[in-house]
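K.L.:
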Amino acid sequence: MSAIVQQDPALLETNPPLVLGNPSYHDLSERISTIIEPEIGQTPMKYWITLGVTASITGLLGAMLTYLAVTGIGVWGNNRPVGWAWDITNFVFWIGIGHAGTLISAILFLFRQKWRTSINRSAEAMTLFAVMCAGIFPLFHTGRPWRAYWLFPVPNTDHNVWQNFRSPLVWDVFAVSTYFTVSLLFWFTGLVPDLATLRDRAVTKIRQWVFGFFSLGWRGSARHWRNYEAAYLILAGISTPLVLSVHSVVSFDFATSVIPGWHTTIFPPYFVAGAIFSGFACVMTLLLIARWTLNLQDLITMKHLENMNKIILVTGSIVGYAYCTEFFIAWYSGNIYERFTFLNRAFGPYWWAAWSMYTCNVFIPQLYWFKKLRTNLWVMFIISITTNIGMWFERFVIIATSLTRDFLPSSWWFFHPTWVDMCTFLGTIGLFLTLFLVFARFLPLIAISEVKGVRATEKHVFPAEAGEMVA
Amino acid sequence: MAVPIDIDTLRDKLGIGDDKVYGAMGEFAEPEDLVKAGRKIREMGYTRIDAMSPFPVHGIDDAIGVPASKLGWIVIFFSLTGTAAALLLQWYAGAGPLNTFLLKFGLSGYPLTIGGKPFFDLSYSIPVDFELTILFTAFATFIGMFAINGLPRLYHPSMNYRNAHRATDDRFLLVIEADDPNFSPAKAADDLRSVGARDVEVVEG
Numbered sequence: 001m002s003a004i005v006q007q008d009p010a011l012l013e014t015n016p017p018l019v020l021g022n023p024s025y026h027d028l029s030e031r032i033s034t035i036i037e038p039e040i041g042q043t044p045m046k047y048w049i050t051l052g053v054t055a056s057i058t059g060l061l062g063a064m065l066t067y068l069a070v071t072g073i074g075v076w077g078n079n080r081p082v083g084w085a086w087d088i089t090n091f092v093f094w095i096g097i098g099h100a101g102t103l104i105s106a107i108l109f110l111f112r113q114k115w116r117t118s119i120n121r122s123a124e125a126m127t128l129f130a131v132m133c134a135g136i137f138p139l140f141h142t143g144r145p146w147r148a149y150w151l152f153p154v155p156n157t158d159h160n161v162w163q164n165f166r167s168p169l170v171w172d173v174f175a176v177s178t179y180f181t182v183s184l185l186f187w188f189t190g191l192v193p194d195l196a197t198l199r200d201r202a203v204t205k206i207r208q209w210v211f212g213f214f215s216l217g218w219r220g221s222a223r224h225w226r227n228y229e230a231a232y233l234i235l236a237g238i239s240t241p242l243v244l245s246v247h248s249v250v251s252f253d254f255a256t257s258v259i260p261g262w263h264t265t266i267f268p269p270y271f272v273a274g275a276i277f278s279g280f281a282c283v284m285t286l287l288l289i290a291r292w293t294l295n296l297q298d299l300i301t302m303k304h305l306e307n308m309n310k311i312i313l314v315t316g317s318i319v320g321y322a323y324c325t326e327f328f329i330a331w332y333s334g335n336i337y338e339r340f341t342f343l344n345r346a347f348g349p350y351w352w353a354a355w356s357m358y359t360c361n362v363f364i365p366q367l368y369w370f371k372k373l374r375t376n377l378w379v380m381f382i383i384s385i386t387t388n389i390g391m392w393f394e395r396f397v398i399i400a401t402s403l404t405r406d407f408l409p410s411s412w413w414f415f416h417p418t419w420v421d422m423c424t425f426l427g428t429i430g431l432f433l434t435l436f437l438v439f440a441r442f443l444p445l446i447a448i449s450e451v452k453g454v455r456a457t458e459k460h461v462f463p464a465e466a467g468e469m470v471a
Numbered sequence: 001m002a003v004p005i006d007i008d009t010l011r012d013k014l015g016i017g018d019d020k021v022y023g024a025m026g027e028f029a030e031p032e033d034l035v036k037a038g039r040k041i042r043e044m045g046y047t048r049i050d051a052m053s054p055f056p057v058h059g060i061d062d063a064i065g066v067p068a069s070k071l072g073w074i075v076i077f078f079s080l081t082g083t084a085a086a087l088l089l090q091w092y093a094g095a096g097p098l099n100t101f102l103l104k105f106g107l108s109g110y111p112l113t114i115g116g117k118p119f120f121d122l123s124y125s126i127p128v129d130f131e132l133t134i135l136f137t138a139f140a141t142f143i144g145m146f147a148i149n150g151l152p153r154l155y156h157p158s159m160n161y162r163n164a165h166r167a168t169d170d171r172f173l174l175v176i177e178a179d180d181p182n183f184s185p186a187k188a189a190d191d192l193r194s195v196g197a198r199d200v201e202v203v204e205g
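The listed protein sequences correspond, in order, to chains A and B.
Numbering of the first sequence is given in my numbering, commencing with residue 1 and proceeding in unit increments.
Numbering of the second sequence is given in my numbering, commencing with residue 1 and proceeding in unit increments.
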C-alpha cells in the first residue's frame with residue numbers, strides 16, 4: 001500500500017498517519033509509560049501546584065455538602081415553583097459530558113474509526129469522573145443522602161414501600177448506575193493489557209505489586225486475545241445503546257411531565273445530541289491541556305483534533321436544528337402555553353441565558369466549517385469552553401424558564417442561586433479535575449496496546465520517510 | 001473438614017515442577033513473521049501452539065488454530081437472565097392482586113396507586129428491563145472473559161522464558177506446548193529455529 005501513497009501524495013493530506021515520528025513498538029511503550037513512571041518525588045512542581053488548587057476546590061465541595069446535609073436543602077436557591085434548579089442543571093450537565101467518552105470508546109469502535117485509539121482512554125476516564133460529579137447532585141437533592149439506598153430495590157425494614165417503577169426518576173437511578181458500572185468495566189478491560197505492560201517494566205517493588213495485582217496475570221496469549229476481542233466487541237455493542245438510553249431516560253424526567261416546554265417527544269434525541277456535543281468539547285479541553293503539558297503532539301495529532309471538531313460541528317448543528325424544531329412545534333401545535341413558553345424563553349426574564357445558549361451552541365460551532373479555524377489550537381480551545389458554557393445554559397434554560405412560568409401566573413416566581421449553589425458547582429469542577437490529574441499521573445493516558453495495533457497497520461501504509469515528513 | 005493437600009499431586013495438576021517442561025518458546029520482532037512462522041509450525045503437525053503479543057495480531061488465530069471464542073454464548077444466557085430479573089422485580093414490587101399469594105411465602109410487594117396507572121405493565125417496565133439486561137451482560141462479559149482465559153493468576157510457566165517480559169512490549173512469542181503429542185524438547189526447539197525464531201528456549205514448568 002505504500003506504493004499508493006507514493007503515487008498520490010494527496011492521500012497524505014486527507015488521511016495523514018495517526019502515529020507520527022515512525023516509532024517502534026518499544027518506542028510507544030516508552031513514550032506513554034515514561035509519563036507516569038518517575039518516582040513521586042520527581043513529579044514536576046507545576047503538577048503539585050495544579051493539584052493543590054483543584055484539591056482545595058474539592059475541599060470546598062466537601063464543606064458545601066456537609067453544610068447542606070446538616071442544614072437542609074434550603075441553603076440552595078431552590079424554591080416553589082423552582083424545585084429543580086441548579087442541582088438538576090448540574091446533574092444533566094455532568095451526565096452529558098460523560099457521553100462523549102462512551103461514544104469514543106464504543107460507537108467509534110463499532111464504526112472502526114482508528115483515530116479513537118489515542119483518545120479513548122482519557123475520554124473513558126473523563127466519563128467515569130463526570131458521572132461521579134453528576135451523581136452528587138440528585139444524591140444531595142434528596143436532602144437525606146444517608147437514605148440513598150431507598151432509591152434501590154433493596155428489601156429493608158425502615159419502610160415497606162417499594163420503588164414506584166412507573167416513575168422516570170427510578171428509571172434514572174437504574175440508567176445512571178448501570179452506566180457508571182458498565183463504563184468502569186469497559187475502561188478496566190481496556191486497561192488490563194496496558195497494566196501488564198507497566199508491570200513488566202516496573203522496577204520498584206510497589207509498582208510490581210500494584211500493577212501485578214491489577215493486570216490479573218495478563219500475558220498476551222493469542223487464545224486470551226481472541227476472547228478479549230470478543231469481550232471488547234460485546235462491551236462496545238452494549239455500551240452503544242446504553243449511552244443513547246441514559247440521556248433518553250434523563251430527558252424522560254422532563255418529557256413525561258406536563259410542564260410546557262418539557263412535555264415534548266423531541267427530548268430524547270435532542271438530549272443525546274447535546275450530551276455528545278458537550279462531552280466532545282470537554283474531551284477537547286482536557287486533551288489540549290494534556291497535549292501541551294505532556295508534549296503528546298505525535299500521538300494526539302491534528303487529525304484527531306480535527307475529527308473531533310467535525311463531530312462538534314455535526315452535533316452542534318443537530319442541537320441547533322432541535323432548537324428550531326421546538327420553536328416550530330410550539331407555534332404549529334396551536335397550544336398557547338407552549339407558544340408562550342418559547343417566546344418567554346427567548347424574550348422573557350431569562351433572555352440572557354437563552355441567547356448565551358443559542359450563541360455558544362448554534363452559532364459559534366459553525367466556525368468549524370472552515371478548515372483554518374478547526375485546525376487552529378487556540379480557536380478549538382476557546383470553542384471547547386464556550387460549548388460547555390452554552391450546554392450548561394441549555395439545561396438551565398430548560399429547567400428555569402419552564403418552572404418559573406407554568407400555567408398559572410399566580411405561581412410564577414424567579415430563581416436566584418445562593419452562594420452554596422455556586423460553590424457546590426465549582427466544587428464538582430474541582431473534583432473532576434482532581435480525579436483527572438490523579439489519573440493522568442498514575443495510569444497510562446493513552447491505550448498503549450491499541451496504539452501499537454494502529455502503528456502495526458500504518459507501518460505498511462506509510463513508509464518511514466512519509467512518517468518523518470509529516471512529523 | 002480439612003482436605004490434605006499433596007504438594008506433588010497439586011504440582012502435577014498445575015504442570016509445575018523442576019522436572020516439568022512447559023514448552024519450547026522463541027521470539028519474533030514483527031507480527032507478520034509471527035503469523036508466517038505460526039502457520040509453518042502448524043503445518044509441521046503441531047496442535048498445541050500458542051502465541052504471545054503486545055496487541056492482538058491479525059491472522060494469528062487462523063495461523064495457529066485458536067478456536068473461536070465461546071464468550072457470546074455464555075453472555076447471552078446472562079443477558080436474558082437480566083431481562084427476566086428486571087421483569088420479575090417490577091412485577092413483584094407492584095403486583096397488588098397477587099399479594100395474598102406472595103404473602104404465604106413471607107413476601108410482600110407494595111401496590112402503589114398513582115394516577116390510576118396499572119400495577120404492572122410491560123410498557124413502563126422497558127427502561128429498567130433494558131438497563132438490567134445491559135448490566136448483567138456487562139458483568140457476564142467481564143467476568144466470563146477472564147474466567148475463560150483462566151485469569152487472574154499469579155504464575156504462569158511462560159514467565160520463565162527469558163524474554164517473557166517483552167511480550168507486553170515489542171516482541172511476538174511463539175510457543176509449542178509440552179502437552180502436544182508431537183512434542184519433544186530438542187525437536188520442538190529446532191523446529192522453532194527453522195522458522196526463524198530467535199532466542200529459542202525450552203522453558204520449564
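Using N, Cα and C, we set each Cβ at its ideal position, and we do this for glycine too.
As the structure is a prediction and not an experimental result, all values here were calculated from the model.
So Ile64(B) contacts chain A; which residues on that side make the cut at Cβ distance below 7 Å?
P.N.:
What you label residue 64(B) is simply residue 64 of the second sequence in a count that begins at 1. By Cβ distance, chain A contributes Ala222.
K.L.:
Which full runs of the alpha helix (DSSP H) of 4+ residues lie inside the stretch 11-66 of chain B, going along the chain?
P.N.:
Counting only runs of 4 or more, we get 31-43 and 60-64.
K.L.:
Along chain B, in chain order, which residues have C-beta atoms closer than 7 Å to that of Glu483(A)?
P.N.:
Outside the displayed span of chain A (1 to 471) sits residue 483(A), for which this structure offers no information.
K.L.:
Quick one: is Pro31(B) buried, meaning 16 or more other Cβ sit within 10 Å of its Cβ, or exposed?
P.N.:
Here residue 31(B) refers to the residue found at position 31 of the second sequence. The residue in question, Pro31(B), is buried, as its Cβ has 16 or more Cβ neighbours within 10 Å.
K.L.:
Could you please tell me which residues of the stretch 116-150 of chain A, in chain order, have their CB closer than 9 Å to any CB of chain B?
P.N.:
Answer in chain order: no residues at all.
K.L.:
Can you check whether the CB of Val66(B) is closer than 8 Å to the CB of Ala178(B)?
P.N.:
For the purposes of this step, residue 178(B) is taken as the residue at position 178 of the second sequence. For the purposes of this step, residue 66(B) is taken as the residue at position 66 of the second sequence. No; because the gap between Cβ atoms is not below 8 Å, this pair is not in contact.
K.L.:
Taking 8 Å as the CB-CB cut-off, is Ala456(A) touching chain B?
P.N.:
Position 456 of the first sequence, counting from 1, holds the residue named residue 456(A). Output row for Ala456(A): interface = yes.
K.L.:
Could you list the residues in the stretch 134-150 of chain B with a C-beta less than 8 Å from some C-beta on chain A, going in chain order?
P.N.:
For the stretch 134-150 of chain B, which is checked against every Cβ of chain A, the residues closer than 8 Å are Ile134, Leu135, Thr137, Ala138, Phe139, Thr141, Phe142, Gly144, Met145, Phe146, Ile148 and Asn149.
K.L.:
Report yes or no: do three or more beta-carbon pairs, one from the stretch 391-409 of chain A and one from the stretch 22-38 of chain A, lie closer than 8 Å?
P.N.:
Verdict: no, contact absent.
K.L.:
Drop a sphere of 10 angstroms on the beta-carbon of Ala186(B), count the other beta-carbons inside from all chains shown, and report buried for 16 or more, exposed for fewer.
P.N.:
If you number the second sequence from 1, residue 186(B) lands on position 186. Exposed is the call here.
K.L.:
Where does Lys371(A) land, buried or exposed, given buried means 16+ other C-beta within 10 angstroms?
P.N.:
Mapped onto the first sequence, residue 371(A) falls at position 371. Its Cβ having fewer than 16 others within 10 Å, Lys371(A) is exposed.
K.L.:
Would you mind giving the Cβ-Cβ distance between Leu128(A) and Thr428(A), rounded to the nearest angstrom? I have them listed as a contact below 8 Å.
P.N.:
For the purposes of this step, residue 128(A) is identified with residue 128 of the first sequence, where counting begins at 1. For the purposes of this step, residue 428(A) is identified with residue 428 of the first sequence, where counting begins at 1. Rounded, the Cβ-Cβ distance is 14 Å, inconsistent with contact.
K.L.:
Which residues in the same chain have their Cβ closer than 7 Å to the Cβ of Phe55(A), if we skip the five residues on either side of it in sequence?
P.N.:
Sequence index remark: in the first sequence, residue 55(A) carries index 55 (1-based). One point to set straight first is that residue 55(A) is Ala, not Phe, in the sequence displayed. These residues qualify, in order along the chain: Thr434.
K.L.:
Pro417(A) and Trp86(A) look like a contact to me (Cβ under 8 Å); what is the Cβ gap, rounded to whole Å?
P.N.:
Taking the first residue of the first sequence as 1, we reach residue 417(A) at position 417. Taking the first residue of the first sequence as 1, we reach residue 86(A) at position 86. 5 Å between Cβ atoms; contact.
K.L.:
Taking all protein chains shown into account, decide if His99(A) is buried (16 or more other Cβ within 10 angstroms of its Cβ) or exposed.
P.N.:
Walking along the first sequence from the start, residue 99(A) turns up at place 99. The residue is buried, with at least 16 neighbouring Cβ atoms inside 10 Å.
K.L.:
List, in chain order, every chain A residue whose beta-carbon is nearer than 7 Å to that of Arg153(B).
P.N.:
As a position in the second sequence, residue 153(B) is number 153, starting the count at 1. Within chain A, the residues near Arg153(B) are Gly217.
K.L.:
Does the separation of the CB atoms of Thr401(A) and Thr341(A) fall below 8 Å?
P.N.:
Counting from 1 along the first sequence, the entry for residue 401(A) is found at position 401. Counting from 1 along the first sequence, the entry for residue 341(A) is found at position 341. Contact: yes.
K.L.:
Does chain B have any CB closer than 8 Å to the CB of Asn79(A)?
P.N.:
Working through the first sequence from its first residue, we reach residue 79(A) at position 79. Cβ-Cβ to chain B under 8 Å: no for Asn79(A).
K.L.:
When you compare the CB positions of Phe91(A) and Phe137(A), do they come within less than 8 Å of one another, or not?
P.N.:
As a first step, residue 91(A) must be located in the first sequence, where it is residue number 91. As a first step, residue 137(A) must be located in the first sequence, where it is residue number 137. A contact, by the Cβ cut-off of 8 Å.
K.L.:
Run through the DSSP bridge pairs and tell me what Arg198(B) is partnered with.
P.N.:
Along the second sequence, read from residue 1 onward, the residue named residue 198(B) stands at position 198. BP columns for Arg198(B) point to Glu27(B).
K.L.:
At the 8 Å Cβ level, is Lys117(B) part of the contact set with chain A, yes or no?
P.N.:
Locating residue 117(B) in the second sequence gives position 117, where the first residue counts as 1. By this cut-off, Lys117(B) is an interface position.
K.L.:
Per DSSP, what are the beta-bridge partners of Asp204(B) in this structure?
P.N.:
Position 204 of the second sequence, counted from the first residue, corresponds to residue 204(B). At residue 204(B) the sequence reads Glu, which differs from the Asp that was named. In the DSSP output, where bridge partners are listed per residue, Glu204(B) has Val21(B).
K.L.:
Give, in chain order, every residue of the stretch 388-417 of chain A whose Cβ lies closer than 8 Å to some Cβ of chain B.
P.N.:
Listed by position, the residues of the stretch 388-417 of chain A near chain B (Cβ gap below 8 Å) amount to none.
K.L.:
Counting Cβ pairs, one atom from each stretch, are 3 or more of them under 8 Å apart for the stretch 134-141 of chain B and the stretch 79-90 of chain B?
P.N.:
With a cut-off of 8 Å, the stretch 79-90 of chain B and the stretch 134-141 of chain B count as touching, because enough Cβ pairs lie within range.
K.L.:
Residues in the same chain with beta-carbon distance under 6 Å from Phe172(B), minus the five sequence neighbours each way, listed in chain order, please.
P.N.:
Against the second sequence, residue 172(B) aligns to sequence position 172. These residues qualify, in order along the chain: Phe28, Pro31, Leu34 and Ser53.
K.L.:
Would you say Tyr22(B) reaches chain A, if we count a Cβ-Cβ gap shorter than 8 Å as a contact?
P.N.:
For the purposes of this step, residue 22(B) is taken as residue 22 along the second sequence, with counting starting at 1. It does not: the Cβ of Tyr22(B) has no partner Cβ on chain A nearer than 8 Å.
K.L.:
Nearest chain A C-beta to Thr113(B) closer than 8 Å, yes or no?
P.N.:
Position 113 of the second sequence, counted from the first residue, corresponds to residue 113(B). Output row for Thr113(B): interface = no.
K.L.:
If you reduce the DSSP assignment to three classes, tell me which class Glu229(A) lands in.
P.N.:
In the first sequence, counting from the first residue as 1, residue 229(A) sits at position 229. Helix.
K.L.:
Nearest-angstrom Cα distance between Trp146(A) and Leu244(A)?
P.N.:
Residue 146(A) sits at position 146 when you count from the first residue of the first sequence. Residue 244(A) sits at position 244 when you count from the first residue of the first sequence. When rounded, the distance between both Cα atoms is 30 Å.
K.L.:
In the DSSP assignment, what are the bridge partners of Ser221(A)?
P.N.:
Looking up residue 221(A) in the first sequence gives position 221. In the DSSP output, where bridge partners are listed per residue, Ser221(A) has Met52(B).
K.L.:
When the Cα atoms are used, what is the spatial distance from Val19(A) to Arg455(A)?
P.N.:
Reading the first sequence from its first residue, position 19 is the one you call residue 19(A). Reading the first sequence from its first residue, position 455 is the one you call residue 455(A). Rounded to whole angstroms, Val19(A) to Arg455(A) spans 6 Å at the Cα level.
K.L.:
Can you tell me which of Phe425(A), Leu169(A) and His263(A) puts its alpha carbon nearest to the alpha carbon of Ala134(A)?
P.N.:
Your numbering for residue 134(A) matches position 134 in the first sequence. Comparing Cα positions, the closest option is Phe425(A).
K.L.:
Does chain B have any CB closer than 8 Å to the CB of Gln163(A)?
P.N.:
As a position in the first sequence, residue 163(A) is number 163, starting the count at 1. Judged by the 8 Å Cβ criterion, Gln163(A) is in contact with chain B.
K.L.:
Using the beta-carbon of each residue, which ones in chain B are nearer than 7 Å to Ile238(A)?
P.N.:
One-based indexing of the first sequence puts residue 238(A) at position 238. Those are Ile134, Thr137 and Ala138, listed as they occur along chain B.
K.L.:
Is the Cβ of Tyr110(B) closer than 8 Å to any Cβ of chain A?
P.N.:
Here residue 110(B) refers to the residue found at position 110 of the second sequence. So yes, Tyr110(B) belongs to the interface.
K.L.:
Using the three-state DSSP reduction, which class does Leu18(A) fall into: helix, strand or coil?
P.N.:
If you number the first sequence from 1, residue 18(A) lands on position 18. Coil at Leu18(A), not helix or strand.
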